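Taking it in order: structure first as structure tokens, then the write-up.
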Amino acid sequence: MLIGYARVSTEDQNLVLQVDAIAKAGCDRIFEDRISGSVAQRPGLTEAIGFVRKGDTLVVWRLDRLGRSLKNLIEVVGQLEEREIGLKSLKEAIDTTTSAGRLVFQIFGALAEFERNLIRERTMAGLAAARARGRQSGRPMKLDEAQMQLLYQLYDERKWPIAEICRLMGIAKPTLYEYLRRRA
34 MLIGYARVST EDQNLVLQVD AIAKAGCDRI FEDRISGSVA QRPGLTEAIG FVRKGDTLVV
94 WRLDRLGRSL KNLIEVVGQL EEREIGLKSL KEAIDTTTSA GRLVFQIFGA LAEFERNLIR
154 ERTMAGLAAA RARGRQSGRP MKLDEAQMQL LYQLYDERKW PIAEICRLMG IAKPTLYEYL
214 RRRA
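Residues 34 to 217 in the working numbering are what the sequence shown lists, from first letter to last.
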């Protein structure tokens, strides 16, 4: 059985083009969403995925209607594959019920993983280079050296409650404890 899914991002947009193409492809039922693709919870998609059964094929007009990102798209297709449900995209002419369609999606998956690894490697290299130049990541210290010495003195005297020291210094409790941890 062919089951369709169509989505537009706003109420102002029209689903007619997608619905007509999906219906022409021979879908017995079509589920719809009028919601941004960036929203994780899409009721129409959830309903469509719940409706399809083993051996069915979910039909979309374009792949970007199904997934929020390449990673999300691969996750959705993975869930469908686990349940032995195919995916057919009309515009990209991809059909995961065929060997060629499965190959294309495996290539997509490999490219997405490669991209994630490259981003991670670049981020780690950039952080290491910044540390080597003496740059620290994170938020700058709120207190200068004299203020830190006053903080330590007030804390060590044990005359003031922590909340009062924080109020006087204009910092939150976690910040106070971070300064104390760094004092070591």
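C-beta atoms are modelled at their ideal positions from N, C-alpha and C, and glycine is treated no differently. What you are looking at is a predicted structure, and each value in this text was computed from that prediction instead of being measured.
Should residue i and residue j be called a contact, given that it needs their Cβ atoms to be closer than 8 Å?
i    : j    : result
C60  : L35  : yes
A73  : L123 : no
E103 : A165 : According to the sequence shown, residue 103 is Leu rather than Glu. Contact flag unset, no.
S170 : A163 : yes
S71  : R101 : yes
M202 : Q180 : yes
Which same chain residues, not among the five before or five after residue i, have their C-beta less than 6 Å away from its C-beta?
i    : result
V85  : I36, L91, I118
W193 : L187
G77  : F64, E65, D66
D177 : none
L120 : L91, V110, L113, T129
Return the chain-ordered list of same chain residues with a C-beta closer than 8 Å to the C-beta of residue i, the five sequence neighbours on each side being excluded.
i    : result
I198 : L184, L187, Y188, L209
E44  : R67
S69  : S42, T43
R149 : K104
R155 : none
A56  : G37, I63
A58  : L35, G37, V92, K121, L123
Leaving aside the five residues before and after residue i along the sequence, list all residues of the same chain whose C-beta is less than 7 Å from its C-beta, in chain order.
i    : result
R153 : none
L213 : Y188
E125 : R95, L96
V135 : Note that residue 135 is Arg in the sequence shown here, rather than Val. These residues qualify, in order along the chain: T129.
Candidates the options: which alpha carbon is nearest residue i's?
i    : options               : result
K87  : S42, I195, E114       : E114
V52  : I63, G203, L136, S132 : I63
G142 : A196, I107, R200      : I107
Q182 : R215, K121, G167      : R215
E211 : A179, R200, S71, K175 : K175
A81  : N47, A179, Q112, E146 : Q112
Under the assumption that residue i contacts residue j (Cβ atoms under 8 Å), give the Cβ distance between them as a whole number of angstroms.
i    : j   : result
R116 : R75 : Not really, about 18 Å apart at Cβ, beyond 8 Å.
Give the list of continuous beta strand (DSSP E) stretches no shorter than 3 residues that lie fully inside the stretch 40-85. 62-67
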